[in-house]
Amino acid sequence: MIAGGQMLGSNQPVIIHMLDIEPAAEILKGVKMELLDGAFPLLKGVIATTDVIEACQGVDIAIMLGGFPHRKGDNKDLIFKNVGIYKAQASALEQHADPNCKVLVVAHPANTNALILKKFAPLIPDENITSLTRLDHNRALNQISEALNVHVGDVRNVIIWGNHSSNLYPDANHATVDMGAGHKPVRELISDYQWLNTEFITNVQHRGEAIIKARRLSSSFSTASAACDHMRDWILGTPKGTWVSMGVHSDGSYGIQPGLIYSFPVICEKGEWSIFAKEKMDAVERALVEEKTVAYSCLH
Ligand code: LMR
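Taking the numbering used here, the leading residue of the sequence shown gets 26, the next gets one more, and so forth.
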C-alpha cells in the first residue's frame, strides 16, 4: 500500500525500511524480493534489516507494528514485555530518525506502547507520537453504513474515544451521512436508538475478536489500510468538514488527563493534528438542528 501510493499519495516517492527480529530475517528478505518484483514506480529503495539503528536511520515516518504477540487475558504481562522492546526502539528513533519523524504505534496495547516510546524518546516532540484507533473508526463507519444501507464513503464524523481495546467508546452522536442534498445526522436516520446505544458499540468494541474467531488470525488488511488512512490524513490533511480518530497526546481536552495518549476526534492540516474542540462540536450540532428545523418547516 505504501509503495503503491496509498499512504502518501501518487506523487510521493518512498524508501521503505523494514525491521524484524533475527528469526524472521529470511522472511523479511522474501518480503523485500516481493516489493522489488512489484515494480512500483514510487518505490525508490527497500532496506530489510534486523538492526534497529539501520532501520531508523533518517526515517520521516515510523509505523510501529511490532510488539510482543498479543494474547487474550491480562495486559500487564504484555506491557512488561513491550517496555523493553519500545525502550530500545525509542532511543534508536530519537537518535537516528529525522528529528521531526512522525510515529504511529499499532502494536497492542497501542496507547501505552506509545506512552513508553514518548518516555524513552523525550526529544521527539509529543505531538509526533500517535497510536492507531483509525481501525476502530473505520469499523464504526462500516457498522453505520451497513445499518443504513448507504455507502461507507458517505458516512463521516464518528468518534472513537479512548483506547484500541474492548473498552473503547465508539460515538455516533455527531456522525452524519451524505444524502446527496446535504448531510443528515445518523441519530435522525437510525430510529433504533437501542441499536445505536448497545449493539453498535459492542460490535465495534469486539470486531477484532470476531475477526480472530473467523480467520483464526488477527485483522491484517484492514489494520494496514487504517494505518495508511491515519498517516495520509495526518500528513496531507483531513477533508474539509471531517474529523478522524487518532490516539494523541492529551492536552486536557474533554477532561482527559494531560499527557495520556488518548483517542480524540482530530482535524489535520499541513502535517499537524489538533483536537476538535467541544465548542466547535456543539456549533456543528446547533447548525444541524437549525438545518433540521428548516427542512421540517418545508414539510408543512
Ligand atoms: C483487532 O482489533 O483487530 C486486533 O487488535 C485484534 C487483536 O487482538 O490482535
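Heads up, the beta-carbon is just placed ideally off N, CA and C, and yes, glycines get one too.
Check: What I want to know is whether the C-beta of Ser191 ends up closer than 6 Å to one or more non-hydrogen atoms of the ligand LMR.; Outcome: no
Check: Give the DSSP-derived three-state secondary structure of Lys209 in the structure shown.; Outcome: strand
Check: If you drop the 5 nearest sequence neighbours on each side, which residues of the same chain put their C-beta closer than 7 Å to that of Leu90?; Outcome: Val131, Ala132
Check: Straight-line CA distance for Val186 to Asp196?; Outcome: Contrary to the premise, residue 186 reads as Trp rather than Val in this sequence. Cα to Cα, the separation comes out at about 7 Å.
Check: Which same chain residues, not among the five before or five after Ile149, have their C-beta less than 6 Å away from its C-beta?; Outcome: Glu119
Check: Sort Ser299, Asn222, Ser250 by Cα distance to Gly30 and report the nearest one.; Outcome: Ser250
Check: Pick helix, strand or coil for Met256, following the three-state DSSP scheme.; Outcome: helix
Check: Is Ser244 close to the ligand PLP? I mean its beta-carbon at under 6 Å from any heavy atom of the ligand.; Outcome: Absence of the ligand PLP is noted for the structure shown, with the ligand LMR being the only ligands found.
Check: Using the beta-carbon count (16 or more within 10 Å), is Gly326 buried or exposed?; Outcome: Because residue 326 is not part of the residues shown, which for the chain are 26 to 325, the question remains open.
Check: Would you kindly report the start and end of the unbroken beta strand (DSSP E) that includes Ile215?; Outcome: From DSSP, Ile215 is part of no beta strand (DSSP E); its letter is neither H nor E.
Check: Can you tell me which residues form a DSSP beta bridge with Gly272?; Outcome: Ser156, Ser288
Check: I'd like to know whether the C-beta atoms of Asn107 and Asn138 end up nearer to each other than 7 Å.; Outcome: yes
Check: What's the C-alpha gap between Gln282 and Ile215?; Outcome: 33 Å
Check: Just checking, does the region 260–273 make contact with the region 283–300 on the three C-beta pairs under 8 Å criterion?; Outcome: yes
Check: Measuring from the CB of Gly233, is there a heavy atom of the ligand LMR at a distance below 6 Å?; Outcome: yes
Check: What are the boundary residues of the beta strand (DSSP E) that includes Asp307?; Outcome: That residue, Asp307, is in no beta strand (DSSP E); its alpha helix (DSSP H) goes 303–323.
Check: Given a threshold of 16 other Cβ atoms within 10 Å of its Cβ, counted over all protein chains shown, does Gln230 qualify as buried or as exposed?; Outcome: buried
Check: Distance check for Glu152 and His121, CA to CA, integer angstroms please.; Outcome: 18 Å
Check: With respect to the alpha helix (DSSP H) encompassing Ala239, which residues constitute its N-terminal and C-terminal limits?; Outcome: 232–240
Check: Mind checking who His42 pairs with in its DSSP beta bridge?; Outcome: Ile72
Check: Could you check whether Ala135 and Leu103 sit closer than 7 Å to each other, using their CB atoms as the reference points?; Outcome: no
Check: Measure the alpha-carbon distance for Asp123 versus Asp85 and round it to whole angstroms.; Outcome: 5 Å
Check: Measure the alpha-carbon distance for Ile78 versus Ala117 and round it to whole angstroms.; Outcome: 6 Å
Check: DSSP three-state label for Lys127, please.; Outcome: strand
Check: Got a sec? Which residues, its chain only, sit under 8 Å from Phe145 by beta carbon, not counting five neighbours each side?; Outcome: Tyr111, Lys112, Ala115, Ser116, Glu119
Check: So Met89 is in the beta strand (DSSP E); what residue range does that whole segment cover?; Outcome: 86–89
Check: Which partner residues does Val180 have in the DSSP bridge list?; Outcome: Val202
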